[in-house]
Amino acid sequence: KWFEIYGLMNRSRTAILAIQESHLTDNLAASISRAFETKLSLFHSALPEMNNAAGVAFVSNRGLINPDLTTCEEIIPGRAILTKVQWHSGSTIKILNIYTPNITKDNEKFWEDLKDITARNLALKPNLMLGDFNLVEGCLDRLPSLGARVGLLCQ
């Protein structure tokens, strides 16, 4: 699938791709990075206890983004990473890629932790946040309904 990802990013001139549920190990990520070292940059974060679940990654197109002017920081292992990219005319954009837990209490804790982390370190506050929030607007949007998760959107 990585050849397909590269082809898609190249054809569509996509600069940055955010992936959730990446399921990457450090060894697999290193192998992918070697295979595409002149084409793509790969940053990833896996759950410490298991890499067959969750995981987030950023893929940047080296033809469009200078890898020397890009950094990536793990915020919450396997759940949130932040990339800082030198953008147009020297400005920097911070993009947060998240994949939140499905279980309601874990999802709530994720958002509380993220809020605390970014409040303590304003340099981690993103310009753009994207990913899989595992939230719905109304209980009927998800069957079976998980009820309590709806209120998180309003916080």
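Mapping of the sequence shown onto the working numbering: position 9 corresponds to residue 3, and the numbering continues sequentially without gaps. We put the beta carbon where it would ideally sit given N, CA and C, even for glycine.
*Are the CB atoms of G57 and S16 nearer to each other than 8 Å?*
For the purposes of this step, residue 57 is identified with residue 63 of the sequence shown, where counting begins at 1. For the purposes of this step, residue 16 is identified with residue 22 of the sequence shown, where counting begins at 1. Taking the C-beta atoms as reference points, S16 is found no nearer than 8 Å to G57.
*asked:* Between the alpha carbons of I13 and A29, how many angstroms are there, rounded?
replied: Taking the sequence shown and counting its residues from 1, one reaches residue 13 at position 19. Taking the sequence shown and counting its residues from 1, one reaches residue 29 at position 35. One C-alpha to the other measures close to 18 Å.
*Give, in chain order, every unbroken run of the beta strand (DSSP E) that is at least 3 residues long and sits entirely within the segment 96 to 130.*
DSSP runs (the beta strand (DSSP E)) wholly in the segment 96 to 130: 122 to 126.
_Let me check one thing: in DSSP terms, what residues is N91 bridge-paired to?_
Here residue 91 is taken as the residue at index 97 of the sequence shown, counted from 1. The partner list for N91 (beta bridge, DSSP) reads I75 and L124.
*asked:* With DSSP as the reference, identify every bridge partner of N55, one or two as the case may be.
replied: Mapped onto the sequence shown, residue 55 falls at position 61. Under DSSP, the beta-bridge partners assigned to N55 are L34.
*Can you give the Cα-Cα distance for F(-3) and N115, rounded to whole angstroms?*
Residue -3 sits at position 3 when you count from the first residue of the sequence shown. Residue 115 sits at position 121 when you count from the first residue of the sequence shown. C-alpha separation (whole angstroms): 37 Å.
*Does the distance from the C-beta atom of E68 to that of S39 stay below 8 Å?*
As a working mapping, residue 68 is identified with position 74 in the sequence shown. As a working mapping, residue 39 is identified with position 45 in the sequence shown. Less than 8 Å divides the Cβ of E68 from the Cβ of S39.
*asked:* Tell me which residue opens and which closes the beta strand (DSSP E) that L210 is part of.
replied: It is not possible to answer for residue 210, since the shown part of the chain is limited to -5 through 149.
*Burial state of S85, where buried means 16 or more other Cβ atoms lie within 10 Å*: Looking up residue 85 in the sequence shown gives position 91. Flag for S85 reads exposed.
*Going by C-alpha distance, which of L18, I(-1), N21 and K78 is nearest L150?*
It is not possible to answer for residue 150, since the shown part of the chain is limited to -5 through 149.
*Taking only the alpha-carbon atoms, compute the straight-line gap between M123 and A24 and give it to the nearest angstrom.*
Along the sequence shown, read from residue 1 onward, the residue named residue 123 stands at position 129. Along the sequence shown, read from residue 1 onward, the residue named residue 24 stands at position 30. One C-alpha to the other measures close to 26 Å.
_Rounded separation between W105 and G132 - CA only_ = Mapped onto the sequence shown, residue 105 falls at position 111. Mapped onto the sequence shown, residue 132 falls at position 138. G132 has its alpha-carbon roughly 18 Å from the corresponding atom of W105.
_Suppose you measure from the CA of D126 to the CA of S83; what does that come to, to the nearest Å?_
Indexing the sequence shown from 1 puts residue 126 at position 132. Indexing the sequence shown from 1 puts residue 83 at position 89. Looking at the two C-alpha atoms, the distance is approximately 30 Å.
_Beta-carbon proximity check, A74 vs L18, cutoff 8 Å_ = Here residue 74 corresponds to residue number 80 of the sequence shown, with the count starting at 1. Here residue 18 corresponds to residue number 24 of the sequence shown, with the count starting at 1. For the pair A74 and L18, the CB atoms are not nearer than the 8 Å cut-off.
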